[in-house]
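Start counting the sequence shown at 1403; every next residue gets the next number (our numbering). From the three backbone atoms N, C-alpha and C, an ideal C-beta is built for every residue, glycine too. Keep in mind it's a predicted model, so treat the numbers as computed, not measured. Everything on this sheet refers to the single structure shown next.
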Amino acid sequence: MKATTLSESGSAVSRVRLGTGQDSIRPRLGHLASAVKEKLLRVYQLLLFTLQGTPLTLYGDEIGLKDLPGQPARGPYMQWDSGKNHGFSEGTVGEVNELNMNISFKAQEGDKDSLLSLYKRLSDLRGKERSLLHGDFTLLNHTGKALAFVRSWDQNERFVTVVNFAPDEETEVSIAHKNLPEQCSLVLSSNPERKEGSVVPVKRLTLAAGEALLLKYPYSAKERSAGGAALSHSTF
1403 MKATTLSESG SAVSRVRLGT GQDSIRPRLG HLASAVKEKL LRVYQLLLFT LQGTPLTLYG
1463 DEIGLKDLPG QPARGPYMQW DSGKNHGFSE GTVGEVNELN MNISFKAQEG DKDSLLSLYK
1523 RLSDLRGKER SLLHGDFTLL NHTGKALAFV RSWDQNERFV TVVNFAPDEE TEVSIAHKNL
1583 PEQCSLVLSS NPERKEGSVV PVKRLTLAAG EALLLKYPYS AKERSAGGAA LSHSTF
């Protein structure tokens, strides 16, 4: 079986296509923080950088800015710091924006747990990891609450994305594939109780409410052994 492509994998995946293809939801919904619940921002940022296609963001998405109210909604100006006009301009920029009052680039820049720090890490991974940049897509699990898939390219490290779309309740995800190891290494998680680099069993995985989880595991020669096809060509 050939690799499952993004367009072939069904509505569970296509509904989270944030910047790829003509049916992208981004042009209609504006800033990400105005389109999804706050507790799910990290889920969608992770999907944005680990799904196939070119990641597309609006300025301010990296810090969680919201569209200003109105018909149609208006985009906010960038908020760099807590100074006049949030450092955007010394001139007059219009009405005071209370919706994003406590959000700024500077406030998040030094916080390793901030949305900005996650955005930077994902952007860096996307640019240097061949599996995320060029890799095949294999759907591992999808339900109404959760989604799991793996990206793989040649003999490079494989990356597994697992997300919980339920913002208020945990969910259990079962991931099984003949070429997938029983344990993976944790790259990052929105759950502060998980430690980066720790070993995570994937056969039966419990995700916290709104958790975004990125795992990795090394290429194994058995994926192309005589007894088994490569991951991207296996039946799941």
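So, for residue i: in the same chain, excluding its five sequence neighbours on each side, which residues have a beta-carbon less than 7 angstroms away from its beta-carbon?
i	result
H1536	W1555
A1438	Residue identity differs from the one stated: residue 1438 is Val in this sequence, not Ala. Result list for V1438: Y1446, in chain order.
D1570	A1611
A1414	At A1414 the pLDDT is 38, less than 50, meaning the model places this residue with poor confidence; the figure from the coordinates comes in the next sentence. Around A1414: H1544 and L1549.
T1608	E1572 and E1574
S1525	F1451
S1416	Because S1416 carries a pLDDT of 42, less than 50, the predicted location of this residue cannot be relied on, and the following value inherits that uncertainty. Within the same chain, S1416 has no close Cβ partners at all.
Could you pull the start and end residues of the beta strand (DSSP E) that residue i belongs to?
i	result
Q1585	Q1585 to S1591
H1544	D1538 to H1544
F1551	A1548 to S1554
V1602	V1601 to P1603
If I measure Cβ to Cβ from residue i and keep anything under 8 angstroms in the same chain, skipping five residues before and after, which residues do I get?
i	result
R1528	F1451, T1452, P1457, L1534 and L1535
E1559	E1531, S1533, K1618, Y1619, P1620 and Y1621
V1495	Y1479 and N1487
A1623	none
Q1510	I1465, S1516, L1517, L1518 and S1519
K1468	H1433, A1435, S1436, P1478, L1501 and N1502
V1589	L1527, F1561, E1598, L1616, L1617 and K1618
R1523	L1590
Please classify residue i: does DSSP put it in a helix, a strand, or coil?
i	result
N1566	strand
V1445	helix
Y1621	coil
F1561	strand
R1476	strand
T1608	strand
L1450	helix
L1615	strand
L1470	strand
L1458	coil
Here's a check: name, in chain order, each residue in its chain whose Cβ is nearer than 6 angstroms to the Cβ of residue i, leaving out the five neighbours to either side.
i	result
E1613	N1566, S1592 and N1593
L1582	none
D1483	G1489, S1506 and K1508
R1606	S1576
L1460	H1433
E1464	L1518 and Y1521
G1412	Because G1412 carries a pLDDT of 40, less than 50, the predicted location of this residue cannot be relied on, and the following value inherits that uncertainty. Contacts found: none.
K1441	P1569 and G1612
Are the Cβ atoms of residue i and residue j separated by less than 8 angstroms?
i	j	result
F1561	E1595	no
V1602	Q1585	yes
E1574	A1610	no
L1470	N1504	no
What residue range is occupied by the uninterrupted alpha helix (DSSP H) comprising residue i?
i	result
L1527	L1517 to K1530
A1435	L1434 to A1437
E1574	Unbroken run through E1574 is the beta strand (DSSP E), T1573 to V1575; no alpha helix (DSSP H).
Q1510	F1507 to E1511
Is there contact here, the region 1508 to 1521 with the region 1536 to 1552, by at least three beta-carbon pairs under 8 angstroms?
no
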